[in-house]
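2 protein chains.
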Amino acid sequence: MPPLSQHPILQESFARIDRELGRHDFAPEEYAILRRIIHTTADFDFAQRLKIAPGAIAAGIQALQSGTPLVVDVGMVRQGCQGMVQRTFNNPLWTAVDLARTAAPGQTRTETGLLKAWEQWPEAVYVIGNAPTALQALCDRVVDAPVKPPLIIGVPVGFVGVLEAKSRLAALAVPQIRVEGRKGGSTVAAAIVNALLVLAWEALP
Amino acid sequence: MPPLSQHPILQESFARIDRELGRHDFAPEEYAILRRIIHTTADFDFAQRLKIAPGAIAAGIQALQSGTPLVVDVGMVRQGCQGMVQRTFNNPLWTAVDLARTAAPGQTRTETGLLKAWEQWPEAVYVIGNAPTALQALCDRVVDAPVKPPLIIGVPVGFVGVLEAKSRLAALAVPQIRVEGRKGGSTVAAAIVNALLVLAWEALP
């Protein structure tokens, strides 16, 4: 496929990031993801924190190309990637928190919605940019599931439960993209999805 | 007014930020904004970068309490603050980029939409989390306007035009909240709006 059209401002931003980051050891597809995160945050710290499991990008590309649903945790992640989804593969895009009108007892609302999503689409690509409770709940289900999601993007941000949820994900044998430490967030999650969609589009014959 | 209810996870996050930041020189209302930004980014660097003009918080509070419209640049900012708007003052909330179906020649689409918003609501609170072009266009209009917006929140993120747009805003005599440097973004913009809405709510008699 021809490359997706990019606004000149985006191209110039990428060029400036290339110059400032200089030499690095990322594979080209990993770098495409990192660069989009840095573009979205202006924070080069993510170069040290981005962790992409072997095979995760290939698994994500294949899933996206074949129309696999995306389950994101919150509306800001959805808002940040729905435009690129529409320009590429039109994957079904579900927002976990919107699936639960209220939180079940002892849960956050996003967690309750995530568990509803899991019942319906265990084969989806999961994207957690905000709620560590949702990532923990997802990991609890995935660990013993006979069929695992093709990819989990686990980049919640914050101070409570975030490190624990990311460690839990790291210990699972499932294709995954993480940001280590407390950083992450909705814009980072959307940047990763958008970078993968572009890679998947440009990898089409 | 009684305080807005806060989820226990948010309260605990705020307490951890308080402990980690330790002593500081922010006034209480300034700190409420900073703390919400750090909660949303896990990035304490914002403590050095957040710039709040004298009187800006009071002007913002008064505008929000009196139902002044909010004009945000992009959908992610809207998504990040519409819940708190609905819980408090139900201010009309307009998204600049959605006001323009296409970009006018030589403009970004967000800039074109921002200029349409300016024609209709020059008295709005303006919130730019993403597009430095929109912030520049806004400053171009505000500089000679007889009536200025009550508050401009100028926190676009990125590598092209961002420093210039923020410098331009800094030079204007208008109540403003900025993040210096290249950092910022939709989540930061939404955090500032949400913090102001909480302050405005809790300041009601």
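Quick note, the sequences are listed as chains H and X, same order.
Everything in the first sequence is counted per our numbering, starting at 1 for the first residue and increasing by one.
Everything in the second sequence is counted per our numbering, starting at 1 for the first residue and increasing by one.
The C-beta atom is built at its ideal place from N, Cα and C for all residues, glycine as well.
Please read these numbers as outputs of a predicted model, since none were measured by experiment.
Helix, strand or coil: which one does DSSP assign to THR112/X? On the second sequence, residue 112/X is found 112 positions in, with the first residue counted as 1. Residue state, collapsed to three classes: helix.
Members of the region 178-194 of chain X near chain H, C-beta cut-off 8 Å: GLY181, ARG182, LYS183, GLY184, GLY185, SER186, THR187 and ALA190
What are the residues that DSSP puts in a beta bridge with TYR126/X? What you label residue 126/X is simply residue 126 of the second sequence in a count that begins at 1. When beta bridges are read from the DSSP output, TYR126/X appears opposite VAL71/X and ILE152/X.
Chain-ordered neighbours of ALA42/X on chain H, where CB pairs are closer than 9 Å: Here the question's residue 42/X lines up with position 42 in the second sequence. By Cβ distance, chain H contributes VAL157, GLY158, PHE159, VAL162, GLY181, ARG182, LYS183, GLY184 and GLY185.
Quick one: does GLU12/H have its CB under 8 Å from some CB of chain X? Here the question's residue 12/H lines up with position 12 in the first sequence. Taking Cβ atoms only, chain X reaches closer than 8 Å to GLU12/H, which makes this a yes.
Range covered by the beta strand (DSSP E) that runs through VAL179/X: Position 179 of the second sequence, counting from 1, holds the residue named residue 179/X. Run containing VAL179/X: 176-179, per the beta strand (DSSP E) assignment.
What in chain X is Cβ-close to HIS39/H, meaning under 8 Å? As a first step, residue 39/H is located in the first sequence; it is residue number 39 there, counting from the start. Under the 8 Å cutoff, chain X gives GLY158 and PHE159.
With a cut-off of 8 Å, does the C-beta of ARG16/X fall near any C-beta of chain H? Position 16 of the second sequence holds residue 16/X. At a cut-off of 8 Å between beta carbons, ARG16/X contacts chain H.
Considering only C-alpha positions, which residue in the set ILE52/X, ALA124/X and LEU34/X is nearest to THR68/X? As a position in the second sequence, residue 68/X is number 68, starting the count at 1. Answer by Cα proximity: ALA124/X.
Assumed close pair VAL193/X, VAL155/X - CB separation to whole angstroms, cut-off 8 Å: In the second sequence, counting from the first residue as 1, residue 193/X sits at position 193. In the second sequence, counting from the first residue as 1, residue 155/X sits at position 155. Actually they do not touch by this definition, with Cβ atoms about 10 Å apart.
Label PRO54/H either buried or exposed according to how many other C-beta atoms from any shown protein chain fall within 10 Å of its C-beta, with 16 as the threshold for buried. To locate residue 54/H, count along the first sequence from 1; it is residue 54. The residue in question, PRO54/H, is exposed, as its Cβ has fewer than 16 Cβ neighbours within 10 Å.
Taking DSSP's pairing of strands, which residues face LEU95/X in a bridge? Residue 95/X sits at position 95 when you count from the first residue of the second sequence. One point to set straight first is that residue 95/X is Thr, not Leu, in the sequence displayed. Answer is VAL72/X, bridged to THR95/X.
Compute the Euclidean distance between the alpha carbons of LYS166/H and LYS116/X, then round it to the nearest angstrom. Sequence index remark: in the first sequence, residue 166/H carries index 166 (1-based). Sequence index remark: in the second sequence, residue 116/X carries index 116 (1-based). Roughly 43 Å separates the two Cα atoms.
Given a cut-off of 8 Å, decide if VAL179/H and VAL127/H are closer than it, judged by their beta-carbon atoms. The residue given as residue 127/H occupies position 127 in the first sequence. The residue given as residue 179/H occupies position 179 in the first sequence. No, Cβ-Cβ distance for VAL127/H and VAL179/H is not below 8 Å.
When Cβ atoms are compared, which residues of the region 79-90 of chain H fall closer than 8 Å to chain X? With the criterion set as a beta carbon lying under 8 Å from some beta carbon of chain X, the members of the region 79-90 of chain H are GLN79 and GLY80, in sequence order.
Beta carbon proximity, MET76/H to chain X, threshold 8 Å: Your numbering for residue 76/H matches position 76 in the first sequence. For MET76/H, at least one C-beta of chain X is nearer than 8 Å to its own C-beta.
Just how far apart, CA to CA, sit ILE52/X and GLU30/X? Working through the second sequence from its first residue, we reach residue 52/X at position 52. Working through the second sequence from its first residue, we reach residue 30/X at position 30. Taking the straight line from one Cα to the other gives about 7 Å.
Jot down the residue ranges of each uninterrupted beta strand (DSSP E) in the region 1-88 of chain X, minimum 3 residues, whole runs only, in chain order. 50-52 and 70-72
By Cβ distance below 6 Å, which residues in the same chain neighbour VAL162/H in space, the five residues on each side in sequence not counted? Here residue 162/H refers to the residue found at position 162 when the first sequence is read from its first residue. Correct list, in chain order: PRO132, PRO156 and ARG182.
Quick check: what's the CA-CA separation for GLN120/H versus VAL142/H? Along the first sequence, read from residue 1 onward, the residue named residue 120/H stands at position 120. Along the first sequence, read from residue 1 onward, the residue named residue 142/H stands at position 142. Roughly 14 Å between the two C-alpha positions.
Determine the DSSP secondary structure at ASP144/X, reduced to helix, strand or coil. The count along the second sequence starts at 1 and reaches residue 144/X at position 144. It is coil, neither helix nor strand.
Enclosing alpha helix (DSSP H) for ARG168/H [first to last residue]: Position 168 of the first sequence, counted from the start, is the residue given in the question as residue 168/H. Residues 162-170.
Pair within 8 Å by beta-carbon distance, ALA59/H and PRO150/H: Sequence index remark: in the first sequence, residue 59/H carries index 59 (1-based). Sequence index remark: in the first sequence, residue 150/H carries index 150 (1-based). Closer than 8 Å, so yes.
Does the separation of the CB atoms of MET76/H and GLY80/X fall below 8 Å? Here the question's residue 76/H lines up with position 76 in the first sequence. Here the question's residue 80/X lines up with position 80 in the second sequence. The answer is yes: Cβ separation under 8 Å.
Can you check which of these residues, LEU4/H, ALA42/H and ALA96/H, is closest to LEU138/H by C-alpha distance? On the first sequence, residue 138/H is found 138 positions in, with the first residue counted as 1. The closest CA to that of LEU138/H, considering only LEU4/H, ALA42/H and ALA96/H, is found on ALA96/H.
If the criterion is Cβ atoms closer than 8 Å, does the pair ARG36/H and ALA191/H meet it? Indexing the first sequence from 1 puts residue 36/H at position 36. Indexing the first sequence from 1 puts residue 191/H at position 191. Yes.
VAL188/X in three-state terms, based on DSSP: By one-based count along the second sequence, residue 188/X stands at place 188. Three-state result, VAL188/X: helix.
So for TRP121/H, helix, strand or coil by DSSP? The sequence position of residue 121/H within the first sequence is 121, counting from 1. The answer is coil: DSSP assigns TRP121/H none of H, G, I, E or B.
Distance check for VAL160/H and GLN86/X, CA to CA, integer angstroms please. Reading the second sequence from its first residue, position 86 is the one you call residue 86/X. Reading the first sequence from its first residue, position 160 is the one you call residue 160/H. C-alpha separation (whole angstroms): 26 Å.
Distance, Cα to Cα, THR102/X vs THR88/H? Position 102 of the second sequence, counted from the start, is the residue given in the question as residue 102/X. Position 88 of the first sequence, counted from the start, is the residue given in the question as residue 88/H. Taking the straight line joining both Cα atoms gives about 20 Å.
Say whether chain X places a C-beta atom closer than 8 Å to the C-beta of ILE9/H. For the purposes of this step, residue 9/H is taken as the residue at position 9 of the first sequence. Yes, ILE9/H lies at the interface with chain X (some Cβ there is under 8 Å from its Cβ).
Answer yes or no: do ALA203/H and ILE61/H have a C-beta to C-beta separation smaller than 8 Å? Here residue 203/H is taken as the residue at index 203 of the first sequence, counted from 1. Here residue 61/H is taken as the residue at index 61 of the first sequence, counted from 1. In this structure, ILE61/H lies closer than 8 Å to ALA203/H by Cβ.
Among PRO8/H, HIS7/H, SER5/H and ASP43/H, whose alpha-carbon lies nearest the alpha-carbon of GLY185/X? Stepping through the second sequence from its first residue, residue 185/X is reached at position 185. Nearest C-alpha to GLY185/X: ASP43/H.
Backbone CA spacing between PRO8/H and TRP118/H [nearest angstrom]: As a working mapping, residue 8/H is identified with position 8 in the first sequence. As a working mapping, residue 118/H is identified with position 118 in the first sequence. About 39 Å.
Length of the line joining the Cα atoms of ILE177/X and ALA63/H: Locating residue 177/X in the second sequence gives position 177, where the first residue counts as 1. Locating residue 63/H in the first sequence gives position 63, where the first residue counts as 1. Spanning the two alpha carbons is a distance of roughly 42 Å.
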